[in-house]
Amino acid sequence: MTHSEDRLRELEALKEQRKQGGLDVLGYYKGLLRITADLIQNLRDENISESEAKKQIPLILVFLEEQIAKLAGRGG
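Residue numbering for the sequence shown is 69 to 144, as defined by my numbering.
What follows is the structure, given as structure tokens:
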């Protein structure tokens with residue numbers, strides 16, 4: 069199984085767990101962050117072309133800027 073398949077399987081299981089009431093909001097949030105952290109490691113280890121990296125940079129920038137601002141707003 070590939071890393072992407074692993075992450076997708078984990079995400080679907082987490083979403084289902086939330087849907088079934090097995091996770092509260094914070095548990096769901098932390099589960100999403102865990103999957104994100106695993107995905108980041110997979111992406112860092114990936115052999116990606118420069119052209120593919122250029123396509124991904126805007127999405128990553130938006131995510132980072134928004135999350136940093138929200139963290140700062142919560143005093144973190």
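Every residue gets a Cβ at the ideal spot worked out from N, C-alpha and C, and that includes glycine. Model, not experiment: these values are computed from the prediction.
Check, Outcome
"Contact set for GLY99: own chain, Cβ-Cβ below 7 Å, skip 5 residues either direction", "LEU82, LEU91"
"Cβ neighbours of GLU80 in the same chain (closer than 8 Å, five flanking residues each side left out)", "none"
"Assigned secondary structure, ARG142 (DSSP; H/G/I helix, E/B strand, else coil)", "coil"
"DSSP three-state assignment for GLY95, whether helix, strand or coil", "helix"
"SER72: first and last residue of the uninterrupted alpha helix (DSSP H) it sits in", "71-87"
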